[in-house]
Amino acid sequence: MRQEFFDLEINTNGQKLYEFTDKTIKRIKNNNFKNGVLNLNIQHTSASLIVQENADPDVQTDLINYFNKLVPMDNSLYIHTVEGKDDMPAHIKSALTNNQITFSIKNGNLLLGTWQGIYLFEHRLKATTRKIIHHYFGD
Amino acid sequence: MRQEFFDLEINTNGQKLYEFTDKTIKRIKNNNFKNGVLNLNIQHTSASLIVQENADPDVQTDLINYFNKLVPMDNSLYIHTVEGKDDMPAHIKSALTNNQITFSIKNGNLLLGTWQGIYLFEHRLKATTRKIIHHYFGD
Amino acid sequence: MRQEFFDLEINTNGQKLYEFTDKTIKRIKNNNFKNGVLNLNIQHTSASLIVQENADPDVQTDLINYFNKLVPMDNSLYIHTVEGKDDMPAHIKSALTNNQITFSIKNGNLLLGTWQGIYLFEHRLKATTRKIIHHYFGD
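If you're matching them up, the sequences are chains A, Y and R in order.
Here the working numbering is used: the first residue of the first sequence is 1, the next is one more, and so on.
Here the working numbering is used: the first residue of the second sequence is 140, the next is one more, and so on.
Here the working numbering is used: the first residue of the third sequence is 279, the next is one more, and so on.
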């Protein structure tokens with residue numbers, strides 16, 4: 001059995017979905033991972049990991065708009081307001097989505113559906129850097 | 140160590156919760172899985188995997204109704220409307236729930252609570268077929 | 279390879295976030311886990327597992343208030359009402375969050391971000407006991 005850990009760092013610049021499917025697949029290929037699980041954990045509570053449709057970019061726009069309506073950036077609604085109007089909503093959006101996903105790898109291939117891509121969903125307004133731990137555990 | 144992959148395909152016919160706990164347990168027994176993890180990934184972004192109460196079916200009705208109120212099937216709210224009024228809401232419901240769950244197996248038993256069942260939560264209106272990858276990794 | 283299972287039981291007393299990061303880390307240290315995955319499953323469908331900010335407790339208050347506004351405890355909205363006004367909302371909050379998280383352990387350390395804590399998110403009003411299965415799988 002074999003275990004490998006590596007960090008993927010992504011620079012974000014506002015509320016968007018940042019796809020990193022290709023970066024993850026490249027590491028699988030370069031490290032010659034064959035069969036096993038790939039556990040991803042984002043090390044933050046104001047951004048999420050999300051698997052979504054990678055065909056029509058309008059889906060991403062609708063997702064961002066929906067979540068901003070569902071969780072308004074309005075300081076009058078929250079008591080934790082010291083880090084800005086987008087901070088508490090970011091924590092709530094994180095709770096409503098995921099900060100961890102486990103993928104399966106079979107014969108060197110990441111098992112994703114045809115239209116699935118892996119995204120970092122950034123909930124903060126300001127530019128920042130996000131760290132996503134990748135942990136491979138397999139043969 | 141041992142790894143096994145198999146696909147579970149479920150035919151759906153509208154917005155319902157489709158329980159597949161027994162199908163998953165049957166495969167565990169038939170394959171003589173003893174101790175390990177069972178990683179499930181649904182290969183779609185308009186249906187979810189969900190663990191819910193399996194006692195009172197009213198819970199499922201309330202869940203479906205709640206999600207339809209939370210994410211209205213109203214094309215005026217979205218820009219991604221080409222695939223029908225239920226499509227963008229399906230992507231949002233997928234983001235609000237899960238497309239991946241890892242279960243633990245101990246002494247051949249899937250570790251679920253007394254009242255827990257595993258469901259496919261279908262968000263599309265039309266009949267379709269969904270693929271859920273099962274990946275066993277254990278002894 | 280090595281696998282270990284243990285249950286963590288937490289007594290809850292109403293809708294709060296109950297942090298158990300230290301309890302989980304203590305078990306990792308005491309059992310000398312080195313590199314592997316730690317799979318957590320809560321065995322209930324009316325409480326959640328959540329990773330959230332552990333710095334400002336106001337974040338937890340805002341989270342609880344937000345979820346109570348998003349999923350009102352109002353029996354007129356649901357048909358599954360027999361277990362109390364907080365029961366169906368608890369199932370819905372469970373669906374909107376997570377009942378399972380897989381963490382990675384590297385060199386004996388649980389890979390959490392600086393401001394991340396692991397919480398049981400209790401959605402029921404009455405006092406109860408919750409069981410969270412911990413399953414270590416590693417070297």
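Ideal placement from N, C-alpha and C gives every residue a C-beta, glycine not left out.
Query: Between which two residues does the alpha helix (DSSP H) harbouring A/V59 extend?; Result: 58 to 70
Query: In whole angstroms, what separates the C-alpha of R/T406 from that of R/I328?; Result: 18 Å
Query: Using CA coordinates, which residue listed in Y/T236, Y/D226, Y/I244, Y/E222 is at the minimum distance from Y/Q191?; Result: Y/T236
Query: Nearest to R/K404 by alpha carbon, out of R/E287, R/F284, R/N291?; Result: R/N291
Query: Residues in its own chain within less than 7 Å of A/D139 by CB, not counting five upstream and five downstream?; Result: M1, R2, K34, N35, G36
Query: State the Cα-Cα distance for the pair A/G113 and A/I101, rounded to the nearest angstrom.; Result: 15 Å
Query: Return yes when the Cβ of R/S382 is within less than 9 Å of the Cβ of A/N41, no when it is not.; Result: yes
Query: Residues of chain A with a CB under 7 Å from the CB of R/T380: which are they?; Result: N39, Q100, T102
Query: How big is the Cα-Cα spacing for A/F26 and R/N346?; Result: It should be pointed out that residue 26 of chain A corresponds to Lys in this sequence rather than to Phe. Near 43 Å, if we compare the C-alpha coordinates of R/N346 and A/K26.
Query: May I ask you to report which of helix, strand or coil DSSP gives A/S94?; Result: helix
Query: Would Y/V210 count as contacting chain A if we go by Cβ distances under 9 Å?; Result: yes
Query: Could you name the residues of the same chain whose beta carbon sits closer than 8 Å to that of Y/K162, not counting the 5 residues immediately before and after it, in chain order?; Result: L147
Query: Straight-line CA distance for R/D340 to Y/H230?; Result: 26 Å
Query: Kindly list the residues whose CB is nearer than 7 Å to the CB of A/S46, restricted to its own chain and excluding five residues on each side of it in sequence; keep chain order.; Result: D87, A90, H91, S94, H123, R124
Query: How many angstroms separate the CA atom of A/T21 from the CA atom of Y/N178?; Result: 19 Å
Query: Within 9 Å of any Cβ in chain Y, is that where the Cβ of A/Q15 sits?; Result: no
Query: Just to make sure I have the definition right: I need the residues of chain R whose C-beta is within less than 7 Å of the C-beta of Y/G252. Which are they?; Result: Q321, H322
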